[in-house]
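Residue numbers (the UniProt record's numbering): 1 to 123. For every residue, glycine included, the Cβ atom is placed at its ideal position computed from N, Cα and C. Note that the structure is predicted; figures quoted are calculated from it, not measured. Worksheet: one structure, shown below.
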């Protein structure tokens, strides 16, 4: 997991407790310049898929089987303009009923499960 140094919650006791053991298993990398880090990933052949409610493509119709990174935005505000512009593709989670959006944790869970489903269970 890559997070920006500024405007992000770092690894603290509350985060560790809520992560229920995940904090010990998932590397956390803090970077000073997120846009530069994202461009570096692209240069290494990593496809950047950003989650944005206004996107036309849906998560489920997008091929997530290749080398890729999910780019998630902040609670309520979503992806910042520069981050959104850096992404190779924007996708949305289709929402039904009265719910317009999910918090970042829930949206990340949905996205990560879809990546796993496409890579492991769609063969």
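| Query | Result |
| --- | --- |
| Enumerated in chain order, which unbroken segments of the beta strand (DSSP E) with a length of 3 residues or greater are wholly contained in the UniProt domain "tRNA/rRNA methyltransferase SpoU type" (2-113)? | 2-4, 29-31, 47-51, 68-71 and 89-92 |
| Among 2, 49, 6 and 39, which residue has its Cα nearest to the Cα of residue 28? | 2 |
| Could you tell me if residue 107 is buried or exposed, where buried requires 16 or more neighbouring beta carbons within 10 angstroms of its beta carbon? | buried |
| Using the Cβ count rule (16 or more neighbours within 10 Å means buried), how would you classify residue 137? | Outside the displayed span of the chain (1 to 123) sits residue 137, for which this structure offers no information. |
| What residue from 121, 6, 64 and 37 has the CA that sits closest to residue 51's CA? | 64 |
| Look at the alpha carbon of residue 40 and the alpha carbon of residue 96, and state the distance between them as a whole number of angstroms. | 36 Å |
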